[in-house]
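According to the working numbering, the sequence shown holds residues 1 to 287 in order. Ideal Cβ positions, reconstructed from N, Cα and C, are used throughout, including at glycine. Remarks on the structure that follows.
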Amino acid sequence: MSLSGGGRWDAWLDRDVPPSAALGASVAVLALIALGDYLTGPYLVFATFYLVPVVIAAWYVGRRPALVVAAAAGVVGALSTALDPGEVTAPVYVWNGVFRFVTYAFIAVLVDAERRARAAISAASQTDPMTGLPNRRQFYADAQRELDRARRSGGSVAVAYLDVDDLKARNDTYGHQAGDEMLISFAEVARRCFRSTDLLARLGGDEFCVLLVDADLAEAEAVVDRFVAALARAEPLPIRVSVGLAAGPVPAGVDIEDLVHAADALMYDAKQSGKGRRCTRPTLLAS
């Protein structure tokens, strides 16, 4: 079962709806459907319509609330017809209610499974599988939003481009597993040292990038230096990095790719001067 359809449908599925609001909407829709079911009598079939609140709850709230809504839909659906005079016996009403609940619960479980699978695929497409950090694509999207915000507010940001020194030598000497452990250790130290508001990503290979939000050059230097010092104490072996760091107000017409390339050029200068160094600039772009 797949609910993906592209375009506007995907936009609705990905909409960030508060669970309380979604659950309230689900209950309201259930009440309206039950009222319509009762007013139209036993001759118009409303059973399928009860799936709407169940699907809303399953997609935006979760499996357990959806099962509660499914049970309510089964009971309310059976009662709405039971209240209408007729010759249907009580066991039939019970059977109808149970059958409805089983059907609605089955759909709720399927929709919840689809939601979880979709979330897992989305997370995998945004995350570097080795380090668990955002990948290049996700970093560019998130960082561009922060740049736009900083440009509007007139705030300062810093971009740090970090290259892990001697990763190839580590691979050749100790094996590729040691190189992988080096990158994982780098990411763990980075999570501890950078601020929760900073955006950190692995761009590929031994290259990482950080957007330090609301930071001038002095603040960014302090954070980066603390990180570099922590890497030097990393276990089982110390890690060295070459860093290109630029900070300042965001110029008009500049996107995150421009700033990453500029910081990359600074990192290259640092690496050419002997590795394990930091090259900085008090503006985001070269004048």
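In this model, residue 100 and residue 211 are separated by some 52 Å (Cα to Cα). If only complete runs of 4 or more residues are kept, the segment 49-125 shows the alpha helix (DSSP H) at 51-60, 63-82, in order along the chain. Ranked by Cα distance from residue 170, the first of 162, 183, 137, 161 is 183. The alpha carbon of residue 156 has as its nearest neighbour, out of 147, 221, 74, the alpha carbon of 147. In the displayed model, residue 230 falls within a helix according to three-state DSSP. When the alpha-carbon of residue 188 is set against those of 245, 242, 130, the nearest one is in 130.
Burial check for residue 134: the Cβ neighbour count within 10 Å reaches 16 or more, so the residue is buried. The alpha-carbon separation between residue 215 and residue 246 amounts to approximately 10 Å.
The Cβ atoms of residue 76 and residue 34 lie closer than 7 Å to each other. DSSP places residue 244 in the uninterrupted beta strand (DSSP E) bounded by 241-249. Annotation: residue 44 to residue 119 spans about 38 Å, alpha carbon to alpha carbon.
For the options 70, 60, 223, the alpha carbon positioned closest to that of residue 50 is the one of 70.
Using a C-beta cut-off of 8 Å, the segment 223-231 makes no contact with the segment 138-154, since fewer than three inter-stretch Cβ pairs fall below that distance.
The C-alpha of residue 19 lies about 13 Å from the C-alpha of residue 53.
Membership of residue 202 in the beta strand (DSSP E) is indicated by the continuous run 199-204.
Counting only the Cα atoms, residue 16 lies some 41 Å from residue 279. Restricting attention to 26, 190, 172, the CA atom closest to the CA of residue 234 is found in 190. Closest in C-alpha terms to residue 179, from the list 276, 240, 73, 159, comes 240. The C-beta of residue 64 has fewer than 16 other C-beta atoms within 10 Å across all chains shown, which makes the residue exposed. In the three-state scheme derived from DSSP, where H, G and I count as helix and E and B as strand, residue 282 is classed as coil. If you draw a straight line from the Cα of residue 196 to the Cα of residue 105, it is about 40 Å long.
The beta carbon of residue 283 lies closer than 7 Å to those of 246, 248 in the same chain, with the five residues before and after it left out.
Distances from the CA of residue 222 to each of 158, 202, 163, 90 were compared; the closest alpha carbon is that of 158. When the beta-carbon positions are compared, residue 115 and residue 59 come within less than 7 Å of each other. In this structure, the CA atom of residue 163 is about 16 Å from the CA atom of residue 181. Annotated three-state conformation of residue 208 is strand, per DSSP.
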